[in-house]
Each structure stands twice: as structure tokens, then as C-alpha cells.
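Everything below concerns the one structure shown next.
Protein chains: 2
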Amino acid sequence: MTIKHPIPKKKYEKKDRPKSMSYTSNLGMTLESDVEETNLYYLKTKRAVIYKKPTPVQIVDVSYPSRNKAKIVEAYYRTPSTTDFNGIYKGYYIDFDCKETKSTTSIPLANIHNHQIEHLKNIVDAGGIGFLIIYFKAYNEYYYLPFNVLYEYHLKSLKGGRKSIPYETFKERAYPIKFSFNPRLDYLTVIDEYIIPTMEKH
Amino acid sequence: MTIKHPIPKKKYEKKDRPKSMSYTSNLGMTLESDVEETNLYYLKTKRAVIYKKPTPVQIVDVSYPSRNKAKIVEAYYRTPSTTDFNGIYKGYYIDFDCKETKSTTSIPLANIHNHQIEHLKNIVDAGGIGFLIIYFKAYNEYYYLPFNVLYEYHLKSLKGGRKSIPYETFKERAYPIKFSFNPRLDYLTVIDEYIIPTMEKH
Chain A
1 MTIKHPIPKK
11 KYEKKDRPKS
21 MSYTSNLGMT
31 LESDVEETNL
41 YYLKTKRAVI
51 YKKPTPVQIV
61 DVSYPSRNKA
71 KIVEAYYRTP
81 STTDFNGIYK
91 GYYIDFDCKE
101 TKSTTSIPLA
111 NIHNHQIEHL
121 KNIVDAGGIG
131 FLIIYFKAYN
141 EYYYLPFNVL
151 YEYHLKSLKG
161 GRKSIPYETF
171 KERAYPIKFS
181 FNPRLDYLTV
191 IDEYIIPTME
201 KH
Chain B
203 MTIKHPIPKK
213 KYEKKDRPKS
223 MSYTSNLGMT
233 LESDVEETNL
243 YYLKTKRAVI
253 YKKPTPVQIV
263 DVSYPSRNKA
273 KIVEAYYRTP
283 STTDFNGIYK
293 GYYIDFDCKE
303 TKSTTSIPLA
313 NIHNHQIEHL
323 KNIVDAGGIG
333 FLIIYFKAYN
343 EYYYLPFNVL
353 YEYHLKSLKG
363 GRKSIPYETF
373 KERAYPIKFS
383 FNPRLDYLTV
393 IDEYIIPTME
403 KH
């Protein structure tokens with residue numbers, strides 16, 4: 001028999017967490033868990049069905065300490081081939097990822113993997129809603145960054161342009177997401193106000 | 203340093219595989235890999251963006267045999283909270299799971315978890331396209347089972363009705379999916395012909 005331990009926080013996330021947590025501002029949670037809380041609220045209130053995908057793991061060895069319990073004894077984290085979150089809202093396919101930065105001036109494009117940009121491009125080309133939620137820790141500000149803005153900077157960077165999106169661009173071309181108690185990060189309101197009015201019908 | 207082994211087939215899948223493989227009929231692959239091949243074909247031909255979600259794993263212990271390589275040394279399979287596949291096709295949100303049966307007469311409802319039925323219900327209520335791909339091994343036949351048919355049998359079973367969907371129902375109310383070389387299982391053609399014409403616009 002194997003005694004089950006409570007699930008520890010994934011260790012690779014630790015480095016992404018701020019060293020001193022501001023409990024008043026984010027209730028001690030990470031951006032990702034705030035988004036998961038938000039999605040749970042959307043699901044319960046029947047507003048949207050949006051889930052985080054499981055962390056992809058490459059399983060190498062499994063043992064069977066008891067008859068009907070498989071124990072994975074060797075596995076490795078894999079690079080995800082897509083973004084972390086997807087689902088449906090008002091009939092629209094929604095797809096996004098969350099990123100945070102300590103920088104006060106910009107978010108480095110290196111934080112966003114090429115395969116994630118390619119994936120979001122495919123989604124937007126297919127008529128879906130693709131975006132990033134960006135958290136500027138220094139300002140405690142959250143932004144909805146539409147894919148087209150990200151893609152513009154990505155293409156420029158491939159041609160030798162700057163390798164980051166400046167904070168001013170967020171002020172001008174991204175949409176602030178309010179942090180509140182419930183839902184934590186109401187990004188669907190941004191989609192209602194600014195994105196759906198620009199979408200083509202099927 | 204840890205020497206990486208090639209990824210073995212997930213062991214828990216073995217029991218689902220037929221004992222004698224018919225290489226002419228399914229090229230020795232499982233239903234799930236046939237669907238994954240199909241999705242890859244759809245992605246490459248820009249027809250749809252549909253992925254299988256990673257297998258959810260509860261990670262209990264991680265070691266660091268080398269500086270930048272995390273090795274998971276204790277983890278367990280978790281029950282998925284949703285279906286295995288989702289994505290976007292012609293602007294529609296698509297969500298489904300694959301099931302196979304050796305039975306010649308019916309597929310037991312026990313093969314489909316309650317949380318999967320609830321999830322598909324949420325998806326269809328939100329304006330998405332939800333379904334199952336069912337493989338009757340005995341006949342080497344694949345079917346697209348619309349969610350509404352599944353849900354009807356599910357509700358009846360809760361009221362004491364039969365605990366399976368009979369094979370005849372597939373003949374009458376499901377849509378056959380052709381198995382071919384590329385794409386392997388062209389389920390989007392079923393959606394084109396029978397599902398999209400019944401969908402409401404946003």
C-alpha cells in the first residue's frame with residue numbers, strides 16, 4: 001500500500017512566485033490559480049465553460065504497488081504544444097495563456113513560446129478568440145492582450161525589432177482586467193465589451 | 203544524468219487494446235491514436251485545430267538529478283474532469299471523447315463517466331458541438347454519436363431504464379464515420395453534413 005500525501009505545490013512554479021506576497025492584493029495566490037478560480041465561478045454561474053489543460057507529463061516508468069493502483073515512478077515535464085486554457089463562451093471558442101513579469105517597463109517576448117504563438121495564430125485564423133492575460137507584478141495590474149497585438153510584436157522581433165512588448169503598449173492597446181473577489185479576474189467582460197463586437201458571424 | 207528512454211505506451215491503455223490486432227483494418231493502432239492522426243491531418247490542412255488534452259497526473263514528489271532537469275519520482279493518474287478532445291472547427295467549439303466496445307449488441311453507459319456527460323451537457327448548452335466517437339470492434343465500425351442521443355439514454359437509465367445504448371440505435375440515430383488512409387476517421391464530414399445545418403448562429 002502506498003500512503004497518499006497531500007498534493008504539494010508544483011515545484012517548478014515556485015520560481016515564478018513573488019518573494020514577498022502581498023496578501024491584500026492577490027490573496028496569496030498565483031495568477032494561474034486566480035484564473036482557475038475565475039473559471040470555476042464562470043462554470044458555476046453558467047457563464048462559460050473554460051478549463052486549464054493538465055500539465056503534460058512524459059511517463060517513462062509505472063509500478064503497481066497494489067492491485068488497482070498504478071504508481072508513476074519516472075516521468076518528466078514536457079513542453080506544452082498549446083496554451084494552458086481553452087473553452088467556450090457565448091458559442092465562441094476561447095484560447096489563452098497567462099504570463100507574469102516583474103519588469104516595470106515591458107514583458108519579454110521570450111516569456112511566450114513560439115509554439116504558443118503559432119497555436120494562437122491557428123485559433124484566431126479559425127475564428128476563435130485568442131489572447132494572453134498579462135500580470136505586471138510591480139504595478140499589480142492585469143491586462144487582456146489581444147493576439148493581434150502580440151503577433152505584431154512577434155513578427156517585428158523576427159525582423160530584428162525589439163524583443164519585448166513595452167508597458168506603454170498595454171496602456172494603449174491592451175484592456176485592463178479588474179481584480180475583485182468573485183470572479184477574481186473578470187476577463188469575459190473585456191471580451192463582451194471589446195472583442196465580440198468585432199467578431200464575424202459564422 | 204538520467205538517460206532518457208523512449209516513451210513506452212501508457213500501460214493502462216493495454217487492457218483496452220484488442221488481443222489480436224487486425225493490421226489490415228486499423229493499421230495496428232488504437233482508436234485514440236487514429237483520432238490523434240486525424241487531428242494532425244486536420245491541423246496540417248488548416249481544416250480544424252483540435253487537440254487531445256494531456257493525461258492528468260497528480261504529482262507527489264519531484265527530484266532534481268541534474269541542475270535543470272526535474273524528475274517526477276512519484277505521481278498517480280487522476281480522473282479527467284472533462285473529455286479528452288477539444289478544439290475549433292469553422293468557428294464552432296468542438297468537444298468529444300472516444301470509446302470502444304467489444305460487445306456486438308450495445309455500448310454500456312458505464313463506459314461513459316458521469317462527469318463527462320455533465321461536461322458535454324455544459325458544452326452543448328453553451329452552443330458547442332458535443333459528441334462521442336464509438337468504435338464497435340466486432341464490426342470494425344465507427345460512429346459519431348450526437349450528445350442528445352447519449353443524454354436521452356443517460357436520463358432514462360437514471361430512472362431505471364437500460365444501462366446501455368443498443369447497437370440498433372447506432373444504425374438509426376448515429377452517423378457512420380469512414381475509416382480511410384488520410385484522414386483516418388473523418389468525423390468533421392459528419393459535422394458538415396448533419397450537425398452544422400442544425401446549429402443556431404451566434
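If you read the protein sequences in the order shown, they are chains A and B.
When we follow the working numbering, the leftmost residue of the first sequence carries the number 1, and every step to the right adds one.
When we follow the working numbering, the leftmost residue of the second sequence carries the number 203, and every step to the right adds one.
Backbone N, C-alpha and C fix where the C-beta goes; we use that ideal spot for every residue, glycine too.
Asked                                                                                                                  : Found
Proximal residues to B:Y346 (C-beta, below 7 Å), its chain only, five neighbours per side dropped                      : F333, I335, A376, Y377, I379, Y389 and V392
Distance between B:K255 and B:E395 (C-alpha atoms, nearest Å)                                                          : 26 Å
Proximal chain A residues relative to B:T285, where beta-carbon distance stays under 8 Å                               : Under the 8 Å cutoff, chain A gives no residues; its nearest Cβ is about 10 Å from B:T285.
Proximity test, Cβ basis, 9 Å: A:G91 and chain B                                                                       : yes
As assigned by DSSP and simplified to three states, the class of A:N86                                                 : strand
Interface residues of chain A facing B:A250 [CB-CB closer than 9 Å]                                                    : A126
Interface residues of chain B facing A:I134 [CB-CB closer than 8 Å]                                                    : By Cβ distance, chain B contributes nothing, its closest Cβ being about 23 Å from A:I134, past 8 Å.
Residues within the region 147-176 of chain A neighbouring chain B, beta-carbon criterion of under 9 Å                 : none
Three-pair Cβ contact test at 8 Å for the region 323-333 of chain B versus the region 288-295 of chain B               : yes
Distance, B:H356 Cα to A:T82 Cα                                                                                        : 33 Å
Any C-beta of chain B under 9 Å from that of A:V190                                                                    : no
Which residues DSSP lists as bridging B:S366, in chain order                                                           : B:P310
Delimiting residues of the beta strand (DSSP E) encompassing A:S63                                                     : V57 to S66
Reduced DSSP category for B:F383 - H, G, I as helix; E, B as strand; rest coil                                         : coil
Any 3 or more C-beta pairs closer than 8 Å across the region 273-288 of chain B and the region 45-60 of chain A        : yes
Start and end residues, beta strand (DSSP E) containing B:Y345                                                         : E343 to P348
Simplified DSSP assignment, three categories, for A:T101                                                               : strand
Buried or exposed (CB count within 10 angstroms, at least 16 for buried), B:T306                                       : exposed
Interface residues of the region 29-46 of chain A facing chain B [CB-CB below 9 Å]                                     : L43 and K46
Beta-carbon spacing of B:R386, B:D286 below 9 Å                                                                        : no
Any chain A beta carbon closer than 9 Å to B:Y389                                                                      : no
Alpha-carbon to alpha-carbon, A:K102 and A:E152                                                                        : 23 Å
Cutoff 9 Å: B:D299 Cβ touching any chain A Cβ                                                                          : no
Contact list for A:T198 against chain B, beta-carbon separation under 9 Å                                              : Under the 9 Å cutoff, chain B gives no residues; its nearest Cβ is about 13 Å from A:T198.
C-alpha gap between B:N405 and B:V264, whole angstroms                                                                 : Given that chain B is displayed from residue 203 to residue 404, the structure contains no residue 405 of chain B and the question cannot be resolved.
Of the residues A:L40, A:L150 and A:L158, the one placed nearest A:K99, counting alpha carbons only                    : A:L150
CB contact flag (B:I309, B:P348, <9 Å)                                                                                 : no
Residues of its chain near A:T24, where Cβ-Cβ distance is below 6 Å and the 5 sequence neighbours each way are ignored : Here A:T24 scores only 39 on pLDDT, less than 50, and its place in the model should not be relied on; the value that follows carries that caveat. So the list is empty, once near-sequence residues are dropped.
Own chain partners of A:V124 with C-beta closer than 7 Å, once the 5 adjacent residues on each side are dropped        : G130 and F147
Three-state secondary structure assigned by DSSP to A:I7                                                               : Reliability of the predicted coordinates at A:I7 is poor, the pLDDT of 47 falling under 50, and no value is obtained from them.
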